[in-house]
Structure formats: structure tokens, C-alpha cells
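Chemist: Residue numbers (our numbering): 6 to 386. Yeah, the Cβ is synthetic: ideal placement off N, Cα and C, and Gly gets one too. Predicted model only: the values in this text are computed from it and were never measured. My questions all concern the structure below.
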Ligand SMILES: N[C@@H](CCC(=O)N[C@@H](CS)C(=O)NCC(=O)O)C(=O)O
């Protein structure tokens, strides 16, 4: 029981399961160091958030030195609240790669999350599949000198427990292209060869203006930097709302890789991100076309099954005098019903009952291997 005869609140419950003291004890046992903080280590002289580069970027491919796509070799770590990794979990399921790539969901360690991602829900706070207690152990297995944040998505080689790739910009493309041979023949074609360059170009624009704009606003330490990100985000939303007036999905009648990237940010905007952003001119749902589009995507099981509204919206801070809207109401909000409200986006499509392009009959996996973008994403603001 919590204080004064009331039932324990969520924080109390979490604290009992995985307290900061337990995290401290586990970290000492495993030799794990505190995670570096974004607002200290990733802020430039103007107060703008400049994201750390991805450490493990060896591509998948067929050339020497590239990672080889193999069924059963890799394990994906992702987090319900993290949209960079949610992309990969959606694509894995959309493409029927569940047997080829195993997964674990990570969560904060303790209330303060001083040691980064761990395994709150697993017995003895240890990942049953890899024996890790902290994700950072797999980073250190791969590079003992690594001192950055241990982030998701992280793809780990199960035979060594080392991270082999954490390049969230391209991870979904690797699953689409190089894991094609492990997908069912009728798996969706999310990255059609003919559209690949255009999809890459849009993804490259979505990164600073939509996906990372939230972090630029949330981690920005000067109002100037915040305002830049704010402008970028809302002007991008206006453009995308217009684009979706006549297109069912970003590239027309079929869902592509770009839609997954847009969706994961949309799913979090009104229910989770808004809390730290200050007054906003519009909610996501005030963008008429975007909101109907997001629900059209949510209808697809792989999107719905990998979207944990209540988990990522739950307040993680200690209660104060004023408790946030989410802290008070998260258990009463029927996210699923809100997101399942009917929409009529199919009227925009020439294939109203088919949201996916399928691979042409007779296409071999090798014919599908073709260029994946080489944009230098990390130099983009
Ligand atoms: N790999 C990228 C982006 C992925 C990323 O930031 N993931 C976040 C969650 S959305 C994460 O894993 N953070 C863990 C931490 O900072 O301890 C990076 O290193 O900045």
C-alpha cells in the first residue's frame, strides 16, 4: 500500500518492481556506467540539440565487409516509447519477418533511468533471450570504448551479443531489401525500386522537419533553437496535409517506408510529445487529412500491434502539486477507440481495398537489391 491507505500509484508500483536502488546494484554488478545526458552532451553553442551520430553503421549487403542478412542470426531491441525503433518493429511485422528476427522490448531502468535501457518486465530484470541486464552491455561488447548513449533500435548478433547496427535511418530499408528472401512471396513492397530515390529524398526531409523536429523542440536549450524547430515542424505538417488531400498515402495508393516514418511521430504527437512543447498552434488531429491518414494506417494490424499508446503516454515523473493531464487521465482515455474512428481515405485510391503494392511475380530477391540512400543524415540539422 502507498501512503495513507491509498492504493499505490503507477510510480510506486514501478518503483517496487525496478527501483533506482536495484538499477544501481545491477549496474555495479555489470560494470555499467550512467548514460550521458542529451541536454549536456548534445547541445551546441546556440542551445540547439545536435543528435549524436549512430555508432554502428556497417550496411547490410552482399559486398565484402557488409553485414549478411541471415534468418535467426539477429535480435532487435526496441522500445515502445521510441519512434526510431518503432519503425523497425512495424516493418518487421509488416514484412512477416517475425521468425527471421527475434525481438525484445526495452524499458527505463529504475525511475530515474540513470543507466539507460533495461528489462523491467523480465524476470530478474534480465533479458531471457540474450542474458543482458542493460542494453549498453551489448554496445560495450561491440566497442569497449563506446561512451555515447546506448540507443534503440539496436540490432544485435545473437552469437556474440554485440550490436552490429543501430543506424535507424536505414534499418528498415535493410529489412525491406536484404531480408527479402525471408519474407513471404506476397509480402508488401514498401520500398519499390522505381520509387526508391524519391522515397529516400522524402525520408531525408522528414528526418529534420518531422521526426527529429520533436527532439529539437524538446531538447533545445534556447528559445531561438526551439522556435526554428517549431517553424520547421508546423510548416512541414501544412505541406504534408496538402499532399494528403489528394494522395491516400505519401506516395499515392500504397503504403511505403516513408509512411511508417511519418506515422510513428504522428502516433506520439498529441498523446505524448505535446506535454513538453509549450503552447502549440495546432494538434496533430487538427490537420484534417493527416489525422484521417494516420487512422487509415492504424487500421493495419502491424501498425496497431506495435503502437502502445498507454505505455508511452504514461507520466514517468514523480507527482507534484499539479499533475500532468496524462498522469491523471491516461487510464481513462480510450486511445484505441479514438484511433479507430472511421475515415474514408479509400475514396482517394484506385485500389481502395488494397493498401500494399506486391512484388511482381517471378522477381528474385537479388533483382530487388538496389541502391539504398547514402545521405549523410547526421549532418542534417
Ligand atoms: N541512434 C540514435 C537515435 C535513436 C534514439 O535516440 N533512441 C532513443 C529513444 S527514442 C534511445 O534509445 N535513447 C536511449 C538513451 O538515450 O539512453 C542516436 O543515437 O541518437
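#1: Which of the three DSSP states, helix, strand or coil, is assigned to residue 211?
#2: Are there any heavy atoms of ligand 1 lying less than 7 Å away from the beta-carbon of residue 122, as far as the coordinates show?
#3: At 4 residues or longer, and completely inside the segment 297-323: list those alpha helix (DSSP H) runs for me, N to C.
#4: Could you tell me which of 321, 231 and 301 sits nearest to residue 112, measuring between CA atoms?
#5: Report the three-state DSSP secondary structure of residue 106 (helix, strand or coil).
#6: Here's the rule: buried if 16 or more other CB atoms are within 10 angstroms of the residue's CB, otherwise exposed. What is residue 339?
#7: Is it true that the CB of residue 229 sits closer than 8 Å to the CB of residue 91?
#8: Between the alpha carbons of residue 214 and residue 99, how many angstroms are there, rounded?
#9: Please go through the same chain and pick out, in chain order, the residues whose beta-carbon is closer than 7 Å to the beta-carbon of residue 134, but skip the five residues on each side of it.
#10: Under 7 Å from any heavy atom of ligand 1, does the C-beta of residue 274 make it?
#11: What residue range does the beta strand (DSSP E) around residue 160 cover?
#12: Quick check: does the Cβ of residue 331 come within less than 7 Å of any heavy atom belonging to ligand 1?
#13: Excluding the five sequence neighbours on either side, which residues of its own chain have a C-beta within less than 6 Å of the C-beta of residue 179, listed in chain order?
#14: Are three or more beta carbon pairs between the segment 300-307 and the segment 336-355 nearer than 8 Å?
#15: In the DSSP assignment, the beta strand (DSSP E) including residue 269 goes from what residue to what residue?
#16: Could you compute how far the alpha carbon of residue 174 sits from the alpha carbon of residue 93?
#17: Within its chain, find whatever has a CB closer than 7 Å to the CB of residue 366; leave out the 5 residues flanking it on each side and keep chain order.
#18: Within 8 Å, do at least three Cβ pairs link the segment 113-131 to the segment 47-61?
#19: Which one of 261, 247, 146 and 82 has the shortest CA to CA distance from residue 172?
#20: Smallest Cα separation from residue 259: which of 274, 196 and 183?
#21: Any contact between the segment 277-292 and the segment 358-375? By contact I mean 3 or more CB pairs, one from each, below 8 Å.
#22: Using DSSP with H/G/I as helix, E/B as strand and the rest coil, what is residue 48?
#23: What number of angstroms, rounded off, separates the C-alpha of residue 336 from the C-alpha of residue 198?
#24: For residue 285, does the three-state DSSP call read helix, strand or coil?
#25: Starting from residue 193, follow its DSSP beta bridges and name the residues at the other end.
#26: Determine the direct distance from the alpha carbon of residue 77 to that of residue 9, and round the result to whole angstroms.
#27: Can you give the beta carbon distance from residue 216 to residue 266, rounded, assuming they're within the 8 Å contact cut?
#28: Which of helix, strand or coil does DSSP assign to residue 328?
Modeler: Let me spell this out:
#1: helix
#2: yes
#3: Entirely contained in the segment 297-323, the alpha helix (DSSP H) runs reaching 4 residues are, in chain order, 306-310 and 314-318.
#4: 321
#5: strand
#6: Counting Cβ neighbours within 10 Å, residue 339 comes out exposed, since fewer than 16 surround it.
#7: no
#8: 25 Å
#9: 80, 107 and 109
#10: Every heavy atom of ligand 1 is 7 Å or more from the Cβ of residue 274, so no.
#11: Residue 160 -> beta strand (DSSP E) spans 159-162.
#12: no
#13: 65
#14: yes
#15: Premise fails: residue 269 lies in the alpha helix (DSSP H), 262-274, not in any beta strand (DSSP E).
#16: 10 Å
#17: none
#18: Cβ pair count under 8 Å is below three, so no.
#19: 82
#20: 196
#21: no
#22: strand
#23: Near 44 Å, if we compare the C-alpha coordinates of residue 198 and residue 336.
#24: coil
#25: In DSSP, residue 193 forms a bridge with 363.
#26: Only weak support is given to the placement of residue 9: the predicted model assigns it a pLDDT of 38, under 50, and the question is left unresolved by the model.
#27: 6 Å
#28: DSSP places residue 328 in coil when its eight states are reduced to three.
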